[in-house]
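Each residue of the sequence shown is one higher than the one before, starting from 733 at the first, in this note's numbering.
Every residue, glycine too, gets a C-beta built ideally from N, C-alpha and C.
As structure tokens, the structure follows; a few thoughts come after it.
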Amino acid sequence: MPISKEEFDKGRKEDPIIDKIRDFLESNRDKAFTEDEILRRLYPEHTAWPVDRISFYSAALILAYAGKIETRYVTTSEGLQIYFRAK
Numbered sequence: 733m734p735i736s737k738e739e740f741d742k743g744r745k746e747d748p749i750i751d752k753i754r755d756f757l758e759s760n761r762d763k764a765f766t767e768d769e770i771l772r773r774l775y776p777e778h779t780a781w782p783v784d785r786i787s788f789y790s791a792a793l794i795l796a797y798a799g800k801i802e803t804r805y806v807t808t809s810e811g812l813q814i815y816f817r818a819k
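Structure representation (structure tokens):
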């Protein structure tokens with residue numbers, strides 16, 4: 733069902749996790765972080781659930797396509813890791 737422009741304008745522009753990831757990475761521009769490191773800061777009260785990881789990757793993909801963040805595959809002592817950082 734169509735809605736009015738006024739109703740549309742009341743809607744949220746972005747998913748809050750997009751804002752949280754972008755804000756976190758922008759406030760730490762001199763560093764890159766793994767998914768786990770970012771999720772621990774976004775959800776300090778619990779271990780990230782599978783749905784948190786799905787939301788994270790969806791948000792990260794949107795931010796990457798928008799040119800807000802960049803990703804790199806880096807081999808560490810723990811194996812191949814994906815790192816994220818603000819552009």
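Can you tell which of the options has its C-alpha closest to the C-alpha of residue i?
| i | options | result |
| --- | --- | --- |
| ASP768 | ARG744, LYS742 and GLN813 | GLN813 |
| THR766 | TYR789, ASP741 and TYR797 | TYR789 |
| LEU771 | ARG804, SER809 and VAL783 | VAL783 |
| GLU802 | THR779, THR808 and ARG761 | ARG761 |
Do residue j and residue i come within 8 Å of each other at the CB atom, strictly closer than that value?
| i | j | result |
| --- | --- | --- |
| LYS752 | LEU774 | yes |
Looking at the strands, I want to know which residues DSSP matches up with residue i.
| i | result |
| --- | --- |
| ARG817 | GLU802 |
| GLY811 | THR808 |
| GLU766 | The amino acid at residue 766 is misidentified as Glu; the sequence shows Thr. The partner list for THR766 (beta bridge, DSSP) reads TYR815. |
Please report the Cβ distance between residue i and residue j, rounded to the nearest whole angstrom; I am assuming they are in contact, meaning their Cβ atoms lie under 8 Å.
| i | j | result |
| --- | --- | --- |
| ALA792 | PHE816 | 6 Å |
| ALA818 | GLU758 | 5 Å |
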